[in-house]
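Residue numbers (the numbering used here): 559 to 807.
Next comes the structure, spelled out in structure tokens:
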């Protein structure tokens, strides 16, 4: 079905919807930029000779059948061939290292000399465990503590008289008084004591003038009415010249 036949044919809505979709790969569509008067002819493209050649399947190469027998004749050149020195060197198997040792068996055999051997005094001395003192610091040698003789290192590190005096803790002052306990008995002298007249006078609260109900806080006294301001007060009360403005009448 071509585009021209689709445009010319008329039918119902069902016939229009029943038509198959246009294959745009087969029919050339009109360009969207401009309009043409007639539908251009669809050109049929053909395959070139090279494309037809590439489309052909590969030819199967004839494979020779297997040899009829595992024994086949050897050529005279192979029989008279002699390997070179390099080939002979590469053909030799690798040798094991001189330092390689086989694994020891699980049950080793003890020699007679090891059975009859006796340990030297030095070996016995080294075989003894170390006895660490409880007061020694970790990582410090304890050999001088076990022996009765003191080494030169321990003599050099002995504390001096100044170090021992600095190491003594501080003594409390003889007049120092510790904090009193929270719960303590009250002495009898404090129970029967009497306050003096001065203490009683200081214990009284300060007297305050009782304001009567007829007191008027806005009443001006006669002395304030006849008071006159000093020249300094009048100078301070006068505003600066930049703030003085004349009243508009």
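Even glycine gets a Cβ: it sits at the ideal position worked out from N, Cα and C.
Owing to the predicted nature of the structure, the values given are computational and were not obtained by experimental measurement.
Asked                                                                                                                                                         : Found
Give the secondary structure of residue 735 by DSSP, where H, G and I count as helix, E and B as strand, and everything else as coil.                         : coil
Within its chain, find whatever has a CB closer than 6 Å to the CB of residue 661; leave out the 5 residues flanking it on each side and keep chain order.    : none
Locate the alpha helix (DSSP H) running through residue 671, then write down its first and last residues.                                                     : 670-673
By how many angstroms is the C-alpha of residue 689 removed from the C-alpha of residue 717?                                                                  : 25 Å
Quick check: the Cα distance between residue 774 and residue 803, rounded to an integer number of angstroms?                                                  : 38 Å
Put residue 656 into one of helix, strand or coil per three-state DSSP.                                                                                       : coil
Buried or exposed for residue 701, please, with buried defined as at least 16 other CB atoms from any protein chain shown within 10 angstroms of its CB.      : Caution applies to residue 701, whose pLDDT of 49 falls short of 50 and renders its modelled position unreliable; the value that the coordinates give is listed next. Exposed, because fewer than 16 other Cβ atoms sit within 10 Å of the Cβ of residue 701.
Can you name, in chain order, every residue of its own chain whose Cβ lies under 6 Å from the Cβ of residue 559, other than the five neighbours on each side? : Because residue 559 carries a pLDDT of 49, less than 50, the predicted location of this residue cannot be relied on, and the following value inherits that uncertainty. Same-chain partners within the cutoff: there are none.
Could you check what DSSP says for residue 636 in three-state terms: helix, strand or coil?                                                                   : helix
Under DSSP, the alpha helix (DSSP H) around residue 837 begins and ends at which residues?                                                                    : This structure leaves residue 837 out entirely; the chain is present only between 559 and 807.
For residue 792, name the three-state secondary structure that DSSP assigns.                                                                                  : helix
Out of curiosity, what's the CA-to-CA distance linking residue 653 and residue 646?                                                                           : 15 Å
Within 10 angstroms of its Cβ, does residue 571 collect 16 or more other Cβ (buried), or is it exposed?                                                       : exposed
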